[in-house]
Amino acid sequence: MAQFKRIAVVGAGLIGGSILLAAARRGLAGSLACWSRSEKSRATLRGFGVAEVFDDAAACVKGADLVIVTTPVDTAEETFLSIAPGLSPGAVVTDAGSVKGAILLAARRLPAANPFVGAHPMAGGEKAGAAHAAANLFEGRVCFLTPTGAEDPKALAAVRLFWQELGSVLHETDAAKHDEIVAAISHVPHAAASALMLAVMDQPGFRRFAVGAGLRDSTRVAAGEEITIARAGQPFARLVPLAAAGTANPYLSLGIADALAAYDRDHGQTETDFPEVWLHRSPPKPNPLEE
13 MAQFKRIAVV GAGLIGGSIL LAAARRGLAG SLACWSRSEK SRATLRGFGV
63 AEVFDDAAAC VKGADLVIVT TPVDTAEETF LSIAPGLSPG AVVTDAGSVK
113 GAILLAARRL PAANPFVGAH PMAGGEKAGA AHAAANLFEG RVCFLTPTGA
163 EDPKALAAVR LFWQELGSVL HETDAAKHDE IVAAISHVPH AAASALMLAV
213 MDQPGFRRFA VGAGLRDSTR VAAGEEITIA RAGQPFARLV PLAAAGTANP
263 YLSLGIADAL AAYDRDHGQT ETDFPEVWLH RSPPKPNPLE E
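Numbers in our numbering are just positions in the sequence shown, counted from 1, shifted up by 12.
(1) Could you tell me the boundaries of the alpha helix (DSSP H) in which D229 lies?
(2) Can you check which of these residues, G136, A45, L40, is closest to S110 by C-alpha distance?
(3) Whose CA, out of R38, A55, V105, G42, lies closest to the CA of A164?
(4) Going by other Cβ atoms of all chains shown within 10 Å of its Cβ, with 16 needed for buried, is R228 buried or exposed?
(5) Excluding the five sequence neighbours on either side, which residues of its own chain have a C-beta within less than 7 Å of the C-beta of G42, listed in chain order?
(6) Can you pull the DSSP bridge partners for L157?
(7) Within 8 Å, do at least three Cβ pairs link the region 67-82 to the region 40-58?
(8) If you draw a straight line from the C-alpha of A140 to the C-alpha of S48, how long is it?
(9) For F8, I'd like the list of residues in its chain whose CB is within less than 6 Å of its CB, leaving aside the five on either flank, ordered along the chain.
(10) When the Cβ atoms of the region 165-181 are set against those of the region 146-155, are three or more pairs found closer than 8 Å?
(11) In the DSSP assignment, what are the bridge partners of I80?
(12) With distances taken Cα to Cα, identify the nearest neighbour of L93 among A70, L173, S198.
(13) Measuring straight from C-alpha to C-alpha, what distance separates E90 and A118?
(14) In the DSSP output, what is C46 paired with across the bridge?
(15) Which value, in whole angstroms, describes the spacing of the CA atoms of S50 and I193?
(16) Please state whether DSSP places S35 in a helix, a strand or coil.
(17) F174 lies in the alpha helix (DSSP H); which residues open and close that run?
(18) Using the three-state DSSP reduction, which class does F16 fall into: helix, strand or coil?
(19) The alpha helix (DSSP H) that contains S100, what's its start and end?
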């Protein structure tokens with residue numbers, strides 16, 4: 013029996029697409045809906061054949077009793093504002109963002125009639141986009157829930173049930189503690205790999221054709237989505253200064269966020285073209301060292 017009448021996924025990339033596939037496989041809802049800003053992503057989602065695909069976020073969430081927002085953290089406020097007119101009274105809103113403090117602030121934009129419960133599944137990888145979605149992505153993976161204690165207990169129970177049904181292992185904590193934990197185990201490693209890659213590629217002796225497995229392995233995570241958190245200026249991007257005693261490389265002598273900004277200045281990069289030019293996230297270039 014379906015646990016929800018209708019589930020809407022707003023911002024269906026890797027995580028959102030995987031939610032759709034997992035929910036469809038498990039029969040969690042009577043119907044599924046999704047929205048993506050990108051027509052390319054919407055075409056991929058239509059190909060799944062499991063959800064109604066929308067090009068308007070407010071229309072996507074109409075009639076849903078559970079809404080999962082999977083857009084980037086720095087667009088959360090914009091997303092909440094865009095879905096607010098379409099939310100049914102009592103519909104529960106949750107998310108999958110990796111920075112809970114900022115998300116909680118953005119969630120204040122939701123109508124009072126729509127309870128919000130923060131969530132963050134520790135799933136994904138360096139391959140982004142709905143094309144890489146998988147129905148088993150969340151199985152056995154930790155999913156953080158960050159209740160404030162002020163939300164409707166029924167809303168919290170619904171979000172717990174949802175992630176458990178996807179196979180996640182739940183861990184509940186407050187938003188501040190979540191951000192401390194995830195900064196240490198996820199964001200800092202991503203940012204450090206990117207700062208390392210910046211320094212390596214700036215060396216006079218760098219030759220892409222000669223790169224071996226060691227450097228590829230140590231910088232693989234730099235191709236992932238999490239580095240966008242550092243570029244959004246989140247304070248935990250500075251938790252680990254990449255102090256490199258004895259090196260003249262300017263990027264390794266700076267904090268992570270400052271290193272990224274300095275490289276942009278020196279090489280004429282912008283926040284817009286950084287992911288495409290340096291991280292090479294667009295297929296078929298999942299790794300900064302791939303030709």
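Virtual Cβ for every residue (Gly too), placed ideally from N, Cα, C.
Taking the structure as given:
(1) Along the sequence shown, one-based indexing puts residue 229 at 217. Residues 225-231.
(2) Taking the sequence shown and counting its residues from 1, the one referred to as residue 110 is at position 98. Measuring from the Cα of S110, the nearest candidate turns out to be G136.
(3) Position 152 of the sequence shown, counted from the start, is the residue given in the question as residue 164. Before going on, a small fix: residue 164 reads as Asp here, not Ala. Residue V105 is the option with its Cα nearest to D164.
(4) Position 216 of the sequence shown, counting from 1, holds the residue named residue 228. Around the CB of R228, fewer than 16 other CB atoms lie within 10 Å, so the residue is classed as exposed.
(5) Locating residue 42 in the sequence shown gives position 30, where the first residue counts as 1. Only residues of its own chain outside the window of five on either side were considered, and among them A14, K17, R18 have a CB closer than 7 Å to the CB of G42, listed in chain order.
(6) Taking the sequence shown and counting its residues from 1, the one referred to as residue 157 is at position 145. Under DSSP, L157 shares a beta bridge with A131, E184.
(7) Contact holds: three or more Cβ-Cβ distances are below 8 Å.
(8) Stepping through the sequence shown from its first residue, residue 140 is reached at position 128. Stepping through the sequence shown from its first residue, residue 48 is reached at position 36. Spanning the two alpha carbons is a distance of roughly 14 Å.
(9) An answer regarding residue 8 cannot be provided, because it is not within the stretch 13 to 303 covered by the chain.
(10) Counting C-beta pairs with one atom in each stretch, the region 165-181 and the region 146-155 have three or more that are closer than 8 Å, which means they touch.
(11) For the purposes of this step, residue 80 is identified with residue 68 of the sequence shown, where counting begins at 1. Its beta-bridge partners are V21, T106.
(12) Start at 1 with the first residue of the sequence shown, and residue 93 comes out as number 81. The shortest C-alpha separation from L93 is found at A70.
(13) Start at 1 with the first residue of the sequence shown, and residue 90 comes out as number 78. Start at 1 with the first residue of the sequence shown, and residue 118 comes out as number 106. So the alpha carbons of these two residues sit roughly 8 Å apart.
(14) On the sequence shown, residue 46 is found 34 positions in, with the first residue counted as 1. Residue pairing from DSSP places C46 in a beta bridge opposite V21, V65.
(15) Counted from its first residue, the sequence shown places residue 50 at position 38. Counted from its first residue, the sequence shown places residue 193 at position 181. Going by the C-alpha atoms only, they are around 32 Å apart.
(16) Working through the sequence shown from its first residue, we reach residue 35 at position 23. A small correction: the amino acid at residue 35 is Ala; Ser does not occupy that position in the sequence shown. Here A35 sits in helix by DSSP.
(17) Numbered from its first residue, the sequence shown carries residue 174 at position 162. Unbroken alpha helix (DSSP H) run through F174: 165-177.
(18) As a working note, residue 16 is residue 4 in the sequence shown. Annotated three-state conformation of F16 is strand, per DSSP.
(19) The residue you call residue 100 lines up with position 88 of the sequence shown. Counting along the chain, S100 falls outside any alpha helix (DSSP H), and DSSP gives it neither H nor E.
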